[in-house]
Amino acid sequence: MQQTVDSMTKLFRYLLASTFFISATVNAEVATVCDAGCDHNTIKDADFATSLGAIIQVKTAKTYNEHDLTLSGKTLISDGGPAAYIINGSGCMNNVVSTGAGGSIEGFTITGCQKTGTSNNGAGLVSNGNTN
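If you read the sequence shown in the working numbering, its first letter stands for residue 2, the second for the next number, and so on.
Here it is in structure tokens:
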């Protein structure tokens, strides 16, 4: 009998956690980036304007000359793939993109920074505490 109660308790906790995850995903803030008709014209503007858990959806395929993006806890996605969606740091001395826990990037080529020394400065992509 106790084993059945324990199994039911685990099932209930799993279902509750799953419902919370699905609800949080469905209600995520979405910001769009494109040349015209979107929420923002640059990835950096969308990054600054959004909060933890946001999805930044890039709709225009082109090279984005941007750096110092910090997407902690945010998802950056392109409408296409890495061949047409490029983030170019243009020789920057800081990171093109830095993700923290919960941040992820899908569908981009990241290029254009030069790493110098042993620090993360100049690295194209730095992922701190992210397993995605």
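Built from N, CA and C at the ideal position, the CB exists for glycine as well.
Note that the coordinates shown come from a computational prediction; the quantities given were computed from them, not determined experimentally.
Apart from the five residues on each side of it in sequence, which residues of its chain come closer than 8 Å, Cβ to Cβ, to residue i?
i, result
"F22", "The pLDDT assigned to F22 is 42, lower than 50, so where the model puts this residue is not dependable; a value taken from the coordinates is nonetheless given after this. Cβ neighbours of F22 beyond the five flanking positions: none."
"A62", "S79, D80, G81, A85, Y86"
"T43", "V34, Y65, E67"
"S52", "E30"
Looking only at its chain, what residues have a beta carbon closer than 6 Å to the beta carbon of residue i, apart from the 5 residues adjacent to it on each side?
i, result
"G103", "G74"
"T76", "I56, S105"
When burial is assigned at 16 or more other CB atoms within 10 Å of the CB, is residue i buried or exposed?
i, result
"A84", "exposed"
"E67", "buried"
"F109", "buried"
Compute the beta-carbon to beta-carbon distance between residue i and residue j, rounded to the nearest angstrom, for a pair I have assumed lies under 8 Å.
i, j, result
"A47", "A37", "That pair is no contact at about 15 Å."
"D40", "K60", "At roughly 10 Å, the Cβ-Cβ gap does not stay under 8 Å, so D40 and K60 are not in contact."
In whole angstroms, what separates the C-alpha of residue i from that of residue j?
i, j, result
"I111", "C35", "18 Å"
"G54", "Y65", "22 Å"
"K45", "Y86", "15 Å"
"Q58", "C114", "23 Å"
"S91", "L70", "13 Å"
"L72", "E107", "12 Å"
I'd like the list of long-range same chain contacts for residue i, defined as Cβ closer than 7 Å, with 5 residues on each side in sequence excluded.
i, result
"A29", "G54, A55, I56"
"A50", "A32, H41"
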